Every structure is written in structure tokens, then in C-alpha cells.
Amino acid sequence: MGIRGKQKGLYFGVQSNLLSILSANLSFQTLNGEQWDTGQEIFVEESNQSLQASLSLNKKISRLSRAELFYQQKNVPNPFDFEYTESTIMGYRVGISMGDGLVVNYIFKRMFRDTNGDGKIEDSEAINLTRIETSFNI
1119 MGIRGKQKGL
1129 YFGVQSNLLS
1139 ILSANLSFQT
1149 LNGEQWDTGQ
1159 EIFVEESNQS
1169 LQASLSLNKK
1179 ISRLSRAELF
1189 YQQKNVPNPF
1199 DFEYTESTIM
1209 GYRVGISMGD
1219 GLVVNYIFKR
1229 MFRDTNGDGK
1239 IEDSEAINLT
1249 RIETSFNI
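Note that the sequence shown ends on residue 1256 in the numbering used here; no numbers are left out.
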């Protein structure tokens, strides 16, 4: 059984282009409705919110073909508390042009897992993922 039943809410998103150099994106969602309470084994009325944000480079600067910072937190009571949860993902992506359409991408993501089961996320419970990719632009 899923942890959420019927939900209603509001979604808001804004995108901005800053001096044709940077793009900023921000989206926010708030939902009210049924969430499963495992202790009582019934649906209870609760709210949850989600936040996603990113900042990206629009123009190539020398060999830097892509740069992006991102942050997201989903289905939490208040994403503006910026407390780490298992739904928190943050990181960056950098693309370096190697010539003739070849780009090497370096991607770093940080996520969290409550490994000790105490319900609190500590820095030591971070999962860091690093990826190096190659791509071709035709």
C-alpha cells in the first residue's frame, strides 16, 4: 500500500534568465491530504511540501561548456528548514569541452540515508556519488 492517499494542493514555479549568462529555476509544491500512519494503520490528514532549485550557466566560457548547481527536497513538512532527509538531493554538474563536440561531464550528487534508524539524518549518513561521463554534441 502507498503512503499517500488523495491529496490536493498548489504548485508554483519560476524561471529567470540573469543577464543571458545564468538561468535560475525554482519550484515549490504544497499538498494536503491523506498519509498512511503505520502505527495506527489508517490514513491521517497531513501536509507535505517539496522544493526544487537550480542555477545553470547559459553560455560557454572558454572550455567550460556546462555548469549547474541543484538542490531538491520532496515530501517534507517544511523544505525551507533545509534539514537533511532521505529525499534531499544536492550537487553540481560541470562539463568541459575537449574539442570537436566531445564533452567530459563531472557530476557530483549528495543524498542521505538514515542508516542507524534513529529518524535523524547526520552528515555521516551522507551518500556521495561521483560520475564522470563523456558526451558528443553534433
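A virtual CB, placed ideally from N, CA and C, is assigned to each residue, including glycine. The structure presented is a predicted model; accordingly, all values stated were derived computationally and were not measured.
Element boundaries [beta strand (DSSP E), containing residue i]
i, result
"E1240", "Where E1240 is concerned, there is no enclosing beta strand (DSSP E), given that its DSSP letter is neither H nor E."
"S1215", "I1207 to G1217"
"Q1158", "No beta strand (DSSP E) holds Q1158; DSSP gives it neither H nor E."
"L1137", "Run containing L1137: none; DSSP gives neither H nor E here."
"S1183", "L1182 to V1194"
"I1179", "Careful: I1179 lies outside any beta strand (DSSP E) and carries neither H nor E."
"I1225", "L1220 to F1230"
8 Å CB neighbourhood of residue i in its chain, flanking five on each side removed
i, result
"R1184", "S1174, L1175, R1211, V1212, G1213, V1221 and N1223"
Closest residue to residue i among the options (Cα-Cα distance)
i, options, result
"S1180", "T1206, T1156, S1215 and T1233", "S1215"
"I1157", "D1232, I1121 and L1247", "The sequence given here places Gly at residue 1157; Ile does not occur at that position. For G1157, the nearest C-alpha among the options comes from I1121."
"Q1133", "D1218, L1149 and S1141", "S1141"
Beta-carbon contacts of residue i that lie in its chain and below 6 Å, excluding the five residues immediately before and after
i, result
"D1236", "none"
"L1169", "F1146, Q1191 and P1197"
Proximal residues to residue i (C-beta, below 7 Å), its chain only, five neighbours per side dropped
i, result
"V1194", "N1166, Q1167, T1203 and S1205"
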